Amino acid sequence: MGGFTWPGDHRAALALTFDVDAESAIVAVDPKYARRLTTMSHQAYGPRVGVPRILRMLERNGVTGSFFVPGLTADRYPGTVEAIVAAGHDLGHHGYSHVPYHDLSDDGRRADVERALASLERITGRRPEGCRAPWWELTDSTPALLAEYGFRWDSSMMDDDRPYLLDTGRGILAELPVHWMLDDWEQYAFLPEPNVGSVIESPAKVLDLWTGELDALAAEGGLMILTSHPFLSGRASRVATLEQVVEHARAAGGIWIAPLSEIAAHTRSVIPDTDARPVPSVYIEEGIYERR
């Protein structure tokens with residue numbers, strides 16, 4: 010992998026990111042779950058216990074993280090948002106209701122983006138510059154919508170191992186790619202209902218998975234973005250695992266541990282706008298998938 014220059018003497022980068030979905034991730038599946046007190050308490054653990062524990066770990070290690078907070082979570086837990094910002098971490102947009110954008114109309118997506126912006130701005134006094142789509146599910150029109158509202162970067166796509174610029178037609182976004190392998194949901198998520206996952210992995214297995222990928226990406230000059238959910242990775246042994254990933258990165262040497270806002274700013278400084286990629290489109294010939 011070549012063609013991307015990291016700052017200073019760094020050869021790769023690592024970002025610790027957190028989606029503070031809380032109840033929104035489950036209520037977005039079906040609003041009926043809002044009446045299930047134990048299920049909702051499972052989700053509330055994130056802002057109530059997980060985020061404070063994660064913030065302590067980040068402070069202990071001198072790491073700045075990136076937190077994506079749905080507007081619904083912000084409205085329910087404004088103190089959590091205030092604590093994240095007070096500690097100097099990124100605060101990113103993550104929709105309002107956590108409903109996937111492909112399940113909303115064009116007007117519905119716009120309303121969701123605006124309502125989430127209003128929630129975050131009401132608490133912090135400023136608009137976020139970064140976005141992560143709920144469920145990482147952008148539609149082909151969402152990037153242009155984000156650019157229209159002044160976003161500078163996004164972290165939802167999966168088509169590279171390093172940052173790039175995306176030409177939305179209404180402005181340029183720095184795109185910071187993610188992947189399911191580096192998401193704690195696939196490792197730790199379990200509820201009897203709804204079916205959000207069925208296996209609770211050992212943190213030791215997860216540490217092996219993530220440090221193995223970190224080593225391989227670092228050897229190729231890549232960017233590794235860990236995505237954690239405080240209701241999952243906010244549990245004690247799992248925060249310890251995140252801390253071990255940081256320790257591993259520092260022992261490996263040459264890995265820039267930075268928030269996504271700084272990685273996005275660096276990306277925009279080293280890649281000219283003229284090298285921005287167009288928003289991908291997939292042409293499907295009419296009728297090709299009709300049942301015969």
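Residue numbering for the sequence shown follows our numbering, starting at 10 and increasing by one per position.
Cβ coordinates follow ideal geometry from the N, Cα and C atoms, glycine included.
These numbers come from a predicted model, not from an experiment.
Best match in the options for proximity to residue i [C-alpha to C-alpha]
i	options	result
Ile209	Ala31, Ser242, Glu222 and Leu226	Ser242
His238	Gly55, Ala22, Gly17 and Tyr42	Gly55
Arg286	Gly71, Asp168, Leu155 and Arg124	Asp168
Gly159	Arg179, Leu175, Leu147 and Ile297	Arg179
Arg45	Ser290, Leu200 and Arg259	Leu200
Glu271	Gly139, Val94 and His102	Gly139
Thr89	Arg118, Thr14, Asp28 and Leu113	Asp28
Phe77	Tyr105, Arg69, Val38 and Asn70	Tyr105
Ala156	Arg85, Leu147 and Ile181	Ile181
Ala83	Arg131, Asp116 and Pro40	Arg131
Thr133	Trp219, Arg277 and Gly80	Gly80
Glu256	Leu232, Asp224, Glu229 and Pro281	Asp224
Gly206	Gln196, Val291, Ser165 and Leu232	Gln196
Val94	Arg85, Ala120, Gly117 and Leu129	Leu129
Gly221	Phe240, Val279 and Ala258	Ala258
Leu64	Glu91, Thr47 and Asp116	Glu91
Under the three-state DSSP convention, the category residue i falls into
i	result
Thr26	strand
Met10	Here the model assigns Met10 a pLDDT of 44, short of 50, so the residue's position is not dependable, and the following value carries that caveat. Here Met10 sits in coil by DSSP.
Tyr298	coil
Trp224	With the sequence shown as reference, residue 224 is identified as Asp, and Trp is not the correct amino acid for it. Here Asp224 sits in helix by DSSP.
Ser75	strand
Glu209	Looking at the sequence shown, residue 209 is not Glu but Ile. Here Ile209 sits in coil by DSSP.
Asp18	coil
Pro287	strand
Ile35	helix
Gly199	For the sequence presented, residue 199 should be read as Phe rather than Gly. If DSSP states are grouped into helix, strand and coil, Phe199 belongs with the strands.
Ala96	coil
His103	coil
Tyr158	coil
Ile280	coil
Ile272	helix
Asp112	helix
Residues near residue i in its chain [Cβ-Cβ closer than 6 Å; skip 5 each side]
i	result
Ala34	His107
Gly263	His19 and Arg20
His98	Thr73, Gly74 and Phe76
Ala43	Val36
Trp144	Pro109
Thr283	none
Asp192	Thr236
Trp219	Val254
Residue i: first and last residue of the uninterrupted beta strand (DSSP E) it sits in
i	result
Leu64	Note, Leu64: premise wrong, no beta strand (DSSP E); alpha helix (DSSP H) at Val60 to Asn70.
Thr236	Leu232 to Ser237
Tyr173	Tyr173 to Asp176
Ile266	Ile264 to Ile266
Contacts around residue i, its chain only, beta-carbon distance under 8 Å, and the 5 residues preceding and following it disregarded
i	result
Val288	Asp149, Pro152, Ala153, Leu175, Asp176, Thr177 and Gly178
Glu295	none
Ser290	Asp149
Met10	Residue placement at Met10 is poorly supported in this model, since its pLDDT is 44, which falls under 50; the coordinates are not used for a value here.
His111	Glu146 and Thr148
Residue range of the alpha helix (DSSP H) that includes residue i
i	result
Tyr54	Leu46 to Tyr54
Gly80	Gly80 to Arg85
Ile132	Asp115 to Thr133
Glu184	Counting along the chain, Glu184 falls outside any alpha helix (DSSP H), though it belongs to the beta strand (DSSP E) covering Ile181 to Glu184.
Leu251	Ala245 to Ala261
Nonlocal neighbours in the same chain, by C-beta distance under 7 Å from residue i, ignoring five residues either side
i	result
Pro16	Trp265 and His275
Glu68	Ala96
Using 8 Å as the threshold, is the region 225 to 240 in touch with the region 181 to 199, meaning 3 or more CB pairs across them? yes
Count the C-beta pairs between the region 123 to 140 and the region 49 to 64 that are closer than 8 Å, then say yes if the count reaches three, no if not. no
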